[in-house]
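In our numbering, each number is its position in the sequence shown, counted from 1, plus 1. The beta carbon of each residue, even a glycine, is placed where N, CA and C say it ideally should be.
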Amino acid sequence: MKPIAMITGATGGIGSGLSKLFAERGYDLILHTRTNKEKLDAFKKDYPDTNVWILEADLTDKATLQATCEALLESVPQVDVFIHNAGLKIDGPIDAFSLDDFEAVMDVSVHGFIPLLKAVVPRMKAQKHGRIIALSSGIGYQGRADNVPYATAKSALNGLISSLAKELGPFNITANAVAPGLIPTEMTAYYDASQVETYRQGVPLRRLATPLDIAKACFFFASSDADFISGQTLFVNGGTQTH
Ligand SMILES: NC(=O)c1ccc[n+]([C@@H]2O[C@H](COP(=O)([O-])OP(=O)(O)OC[C@H]3O[C@@H](n4cnc5c(N)ncnc54)[C@H](OP(=O)(O)O)[C@@H]3O)[C@@H](O)[C@H]2O)c1
Numbered sequence: 002m003k004p005i006a007m008i009t010g011a012t013g014g015i016g017s018g019l020s021k022l023f024a025e026r027g028y029d030l031i032l033h034t035r036t037n038k039e040k041l042d043a044f045k046k047d048y049p050d051t052n053v054w055i056l057e058a059d060l061t062d063k064a065t066l067q068a069t070c071e072a073l074l075e076s077v078p079q080v081d082v083f084i085h086n087a088g089l090k091i092d093g094p095i096d097a098f099s100l101d102d103f104e105a106v107m108d109v110s111v112h113g114f115i116p117l118l119k120a121v122v123p124r125m126k127a128q129k130h131g132r133i134i135a136l137s138s139g140i141g142y143q144g145r146a147d148n149v150p151y152a153t154a155k156s157a158l159n160g161l162i163s164s165l166a167k168e169l170g171p172f173n174i175t176a177n178a179v180a181p182g183l184i185p186t187e188m189t190a191y192y193d194a195s196q197v198e199t200y201r202q203g204v205p206l207r208r209l210a211t212p213l214d215i216a217k218a219c220f221f222f223a224s225s226d227a228d229f230i231s232g233q234t235l236f237v238n239g240g241t242q243t244h
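1. Relative to the C-alpha of isoleucine 84, which candidate in Ala218, Phe229 and Ala157 has its C-alpha closest?
2. Taking the C-alpha atoms as reference points, what is the distance between leucine 73 and leucine 56?
3. Return helix, strand or coil for aspartate 29, following the three-state DSSP convention.
4. Tell me the residue span of the beta strand (DSSP E) that contains phenylalanine 222.
5. Assuming isoleucine 162 and glycine 232 form a contact by the criterion Cβ under 8 Å, report the distance between their Cβ atoms to the nearest whole angstrom.
6. Figure out for me which residue from Asp62, Thr51, Lys21 and Gly13 has the closest Cα to the Cα of lysine 38.
7. Can you find a CB in chain B that lies within less than 7 Å of the CB of glycine 113?
8. Please identify the residue among Ile230, Leu206, Ser225 and Ser224 whose C-alpha is closest to the C-alpha of valine 245.
9. Quick check on this structure: which residue in Leu158, Ile140 and Ala127 has the alpha carbon closest to the alpha carbon of alanine 152?
10. If you draw a straight line from the alpha carbon of tyrosine 191 to that of leucine 158, how long is it in whole angstroms?
11. I need the straight-line Cα distance from asparagine 52 to aspartate 29, nearest angstrom please.
12. Taking 7 Å as the cut-off, decide whether the C-beta atoms of lysine 119 and glutamine 67 are in contact.
13. Can you look up asparagine 177 in the DSSP assignment and give me helix, strand or coil?
14. Am I right that isoleucine 133 and isoleucine 174 are in contact with their C-beta atoms under 8 Å? What's the rounded C-beta distance?
15. Of the choices Leu41, Ile31 and Ile215, whose alpha-carbon is the least far from that of leucine 136?
16. Could you tell me the alpha carbon to alpha carbon distance between proline 123 and lysine 129, rounded to whole angstroms?
17. On a Cα-Cα basis, can you pick out the residue from Thr241, Ser99 and Val109 that is closest to threonine 199?
18. What's the C-alpha gap between aspartate 101 and threonine 34?
19. Could you check whether the Cβ of asparagine 64 sits closer than 6 Å to any heavy atom belonging to ligand 1?
20. I'd like the ranges of any beta strand (DSSP E) spanning at least 3 consecutive residues and lying wholly in the region 157 to 206.
21. Short of 7 Å in beta carbon distance, which residues of its chain neighbour lysine 3, apart from the five on each side in sequence? Order them along the chain.
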């Protein structure tokens with residue numbers, strides 16, 4: 002039987018890269034979307050040898066998320082890897098962004114993650130095996146002006162992952178984070194070309210990351226090569242930020 006990976010935000014720029022790499026490297030997939038099931042239906046057609054279960058859920062619907070996920074998992078034999086990749090970025094100075102926007106950013110990255118973990122972790126414990134990976138961000142470590150909601154959410158993920166590593170290690174479950182630098186996706190489409198170019202010139206490896214770069218780092222944490230690595234954040238940013 003193939004291993005199975007669950008990926009949130011599987012329709013996005015990085016999520017699509019994760020889905021492709023894990024499918025191409027022999028995984029069956031539970032793919033999550035909020036609004037874009039058609040894209041996942043197309044993915045299924047492109048990867049006919051990959052079993053794909055689709056989880057449709059708005060991560061701001063915290064009251065129903067656990068039950069929705071548990072209902073889907075009843076038809077899934079196991080969950081080997083859970084990658085929480087969905088994210089929302091709403092920028093703005095502290096005196097400009099709305100409390101609703103702040104809540105939404107926190108919900109998608111953090112509060113919506115908890116009910117999904119409550120659905121997945123009991124299965125991983127029963128399997129005595131699991132890999133949990135969260136998409137963090139360098140901004141969650143170094144902060145960024147006008148990015149309080151996003152930086153707060155990603156910083157919270159860091160504490161969550163460190164604590165999960167300590168709590169779940171005795172069950173042979175690891176928890177790690179991958180922190181990318183800037184990658185052109187819908188999330189970062191508000192950067193204009195000159196801002197992106199300025200960023201690129203500051204990257205020691207002189208290029209932007211691709212979704213494949215991030216997917217490879219997540220695959221490493223999912224693989225047996227990372228069996229004894231837990232509670233860590235891997236910065237995948239071409240050397241821009243060291244830790
Ligand atoms: N791009 C970067 O430069 C960068 C840098 C560092 C970290 N990251 C992190 O990497 C991850 C992926 O980012 P990306 O650039 O691939 O973003 P993206 O292309 O904008 O994709 C975001 C994904 O999150 C999902 N999502 C958004 N709001 C949601 C909600 N309310 N409920 C459920 N799902 C929701 C979207 O689902 P639907 O489309 O199905 O609605 C989409 O699949 C994020 O956690 C992000 O913070 C990105």
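Result, derived from the coordinates:
1. Locating residue 84 in the sequence shown gives position 83, where the first residue counts as 1. Closest option to isoleucine 84, Cα to Cα, is Ala218.
2. Numbered from its first residue, the sequence shown carries residue 73 at position 72. Numbered from its first residue, the sequence shown carries residue 56 at position 55. A direct Cα-to-Cα measurement between leucine 73 and leucine 56 gives close to 7 Å.
3. Within the sequence shown, numbered from 1, the residue matching residue 29 stands at position 28. Here aspartate 29 sits in strand by DSSP.
4. Within the sequence shown, numbered from 1, the residue matching residue 222 stands at position 221. Per DSSP, phenylalanine 222 belongs to no beta strand (DSSP E); it is in the alpha helix (DSSP H), 212 to 223.
5. The sequence position of residue 162 within the sequence shown is 161, counting from 1. The sequence position of residue 232 within the sequence shown is 231, counting from 1. With 8 Å as the limit, isoleucine 162 and glycine 232 qualify as a contact, their Cβ atoms being about 7 Å apart.
6. Start at 1 with the first residue of the sequence shown, and residue 38 comes out as number 37. Checked all of Asp62, Thr51, Lys21 and Gly13; the closest Cα to lysine 38 is Gly13.
7. The structure shown contains no chain B, having only a single protein chain.
8. There is simply no residue 245 to check, as the chain begins at 2 and stops at 244 in what is shown.
9. In the sequence shown, residue 152 corresponds to position 151, counting from 1. It is Ile140.
10. Locating residue 191 in the sequence shown gives position 190, where the first residue counts as 1. Locating residue 158 in the sequence shown gives position 157, where the first residue counts as 1. Between the alpha carbons of tyrosine 191 and leucine 158 lies a gap of roughly 24 Å.
11. What you label residue 52 is simply residue 51 of the sequence shown in a count that begins at 1. What you label residue 29 is simply residue 28 of the sequence shown in a count that begins at 1. Those two C-alpha atoms are separated by around 5 Å.
12. Counting from 1 along the sequence shown, the entry for residue 119 is found at position 118. Counting from 1 along the sequence shown, the entry for residue 67 is found at position 66. Yes, the pair counts as a contact, with Cβ atoms nearer than the cut-off.
13. Taking the sequence shown and counting its residues from 1, the one referred to as residue 177 is at position 176. Here DSSP, grouped into helix, strand and coil, assigns asparagine 177 to strand.
14. For the purposes of this step, residue 133 is identified with residue 132 of the sequence shown, where counting begins at 1. For the purposes of this step, residue 174 is identified with residue 173 of the sequence shown, where counting begins at 1. Confirmed, about 7 Å.
15. The count along the sequence shown starts at 1 and reaches residue 136 at position 135. It is Ile215 whose Cα lies nearest to the Cα of leucine 136.
16. As a first step, residue 123 must be located in the sequence shown, where it is residue number 122. As a first step, residue 129 must be located in the sequence shown, where it is residue number 128. Roughly 10 Å between the two C-alpha positions.
17. Walking along the sequence shown from the start, residue 199 turns up at place 198. It is Thr241 whose Cα lies nearest to the Cα of threonine 199.
18. In the sequence shown, residue 101 corresponds to position 100, counting from 1. In the sequence shown, residue 34 corresponds to position 33, counting from 1. Taking the straight line joining both Cα atoms gives about 21 Å.
19. As a working mapping, residue 64 is identified with position 63 in the sequence shown. For the record, residue 64 in the displayed sequence is alanine; it is not asparagine. Not so, every heavy atom of ligand 1 lies at least 6 Å from the Cβ.
20. Within the region 157 to 206, the complete beta strand (DSSP E) runs of at least 3 residues are 174 to 181.
21. Locating residue 3 in the sequence shown gives position 2, counting from the first residue. Hits under 7 Å: Gly27, Tyr28 and Asp29.
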